[in-house]
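Report on the following structure.
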Amino acid sequence: MNRLCSRSDIAVLAEFADGAPLPLATEMLGLARRLADETGGAVTAMALGTGMAGAGDALLAHGADRVFVADDPALAPYQADAWMAVLVDTLRDLAPAAVLAGHGAVGADLAPRLAFRLETAAVTDCIAVSAEDGGLRFTRPCYGGKAHEVISVKTAPAVVTLRAKSHAPAAPDDSRRGEVVALSPDIDPAKVRTRIVEKRRDTDDGQRLDTARVVIAGGRGLDGAEGFQIAGDLADTLGGALGASRVACDLGWCPPSRQIGLSGRTVAPELYLALGISGAAQHMSGCAGAKTIVAVNTDAQAPIFKYCRFGVIGDCRELAAALIEALDNSAK
Ligand SMILES: Cc1cc2nc3c(=O)[nH]c(=O)nc-3n(C[C@H](O)[C@H](O)[C@H](O)COP(=O)(O)OP(=O)(O)OC[C@H]3O[C@@H](n4cnc5c(N)ncnc54)[C@H](O)[C@@H]3O)c2cc1C
């Protein structure tokens, strides 16, 4: 394969589920499009899996100039060795400035391996990328979310993982045209050293946190599973999703899949209602992208009042119950 890219090009590793790109893939394409437009580069998206018939058009619509599709049963579900067999040579030839992957289970596993194989550097868990002085700068939280560090990488391509909800997706435009290249992977099964032994469905059937417009999050101040029941009822009444601080999850009041923060999920709803959460930096790093934060806390000095738009000093269980009642009454 010829050298197809220039060093200002960006490659995006787009993950798919049920034939559609994950929201994070479209967010990364939005970022890549903006960077490429600033630097005069191009955006190449890469999609690996099975049943990828519509992948090319979907990724072109979301901002890619060119899409490489590898459609092979050996590529789904994700297996590091199988994906490496496709990615390493292709990316060596493409030679982009950066490869963007989502900071999820796949990206976090893949990025260091890919960087090692490409003899370059990985920068994980980024929340921003900018083009400056002819290079790229990567920003990520450090010191438990209390500060941000800005990193530049001397080698290329920089292999970067990006947090969900840190960038707006590119609005899909079905009239966008570009090249779709089908890759023919040659994967040696003997070299795929891991296999999925068992898959377990998350038993948590509440509304998805990452796409929720309203998140009702509870902390230690909810004082137990009973308090979380009230918070859950309020979430249902508002058509929102239930979230929690780490303490609340550790205490078993809420499933760990609902944890928001540095070591949990990142959310960016229109409304984030924090009930009995103190506002530790590690928690706030997971909800800083919320449009409006409302906090309810008995302690007027609680740090969360520095972050919220509206603050209520009072008992969160009482307030949640009163809100449910008021909303129920107004619906009658
Ligand atoms: C490496 C690392 C990673 C971490 N990752 C995360 C993470 O991902 N997510 C996360 O949440 N934390 C995380 N933490 C923990 C974090 O530092 C805090 O300990 C945690 O967020 C505190 O949870 P909380 O606010 O529920 O509890 P607390 O800090 O104990 O706060 C409880 C609050 O409830 C208030 N309150 C008490 N009673 C009431 C009432 N009746 N009504 C209203 N308010 C009341 C109190 O005034 C207090 O402000 C991490 C920590 C570390 C070191």
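Its first residue numbered 595, the sequence shown is counted upward by one per residue in the working numbering.
In this text, a Cβ means the ideal position worked out from N, Cα and C, and glycines have one as well.
In the DSSP assignment, find the unbroken beta strand (DSSP E) run with residue i in it and report its ends.
i      : result
VAL808 : 808-812
CYS736 : 729-736
ALA868 : 865-869
ILE907 : 904-907
VAL890 : 886-891
Tell me whether residue i sits in a helix, a strand or coil according to DSSP, three-state version.
i      : result
ILE824 : helix
VAL791 : coil
MET640 : strand
PHE610 : strand
GLY837 : strand
SER724 : strand
LEU756 : strand
VAL747 : coil
GLN876 : helix
PHE899 : helix
GLU632 : helix
ARG597 : Per-residue confidence for ARG597 stands at a pLDDT of 39, beneath the threshold of 50, marking its modelled position as unreliable; the derived number appears in the next sentence. Looking at ARG597 - three-state DSSP - the assignment turns out to be coil, as it is neither helix nor strand.
ALA699 : helix
ALA719 : Contrary to the premise, residue 719 reads as Asp rather than Ala in this sequence. Three-state DSSP puts ASP719 in a strand.
LEU816 : helix
ARG802 : coil
GLU713 : coil
THR831 : helix
LEU777 : strand
PRO615 : strand
THR620 : helix
ALA741 : strand
ALA894 : coil
ALA762 : coil
At which residues does the alpha helix (DSSP H) containing residue i begin and terminate?
i      : result
ASP651 : 649-655
ARG840 : 840-844
LEU921 : 910-925
Using only the heavy atoms of ligand 2, determine whether one of them is closer than 7 Å to the beta carbon of residue i.
i      : result
LEU917 : Ligand 2 is absent from the structure shown, which contains only ligand 1.
Check each residue's C-beta against every heavy atom of ligand 1 and list, in chain order, those closer than 5 Å. A Cβ closer than 5 Å to some heavy atom of ligand 1 marks a residue here, and those residues are GLY813, ARG814, GLY815, SER839, ARG840, VAL841, GLY855, LEU856, SER857, GLY858, GLY870, ILE871, SER872, ALA874, GLN876, HIS877, ASN891, THR892, ASP893, ALA896, ASP909 and CYS910.
Runs of alpha helix (DSSP H) wholly within the segment 657-695 (minimum 4 residues, chain order): 674-688
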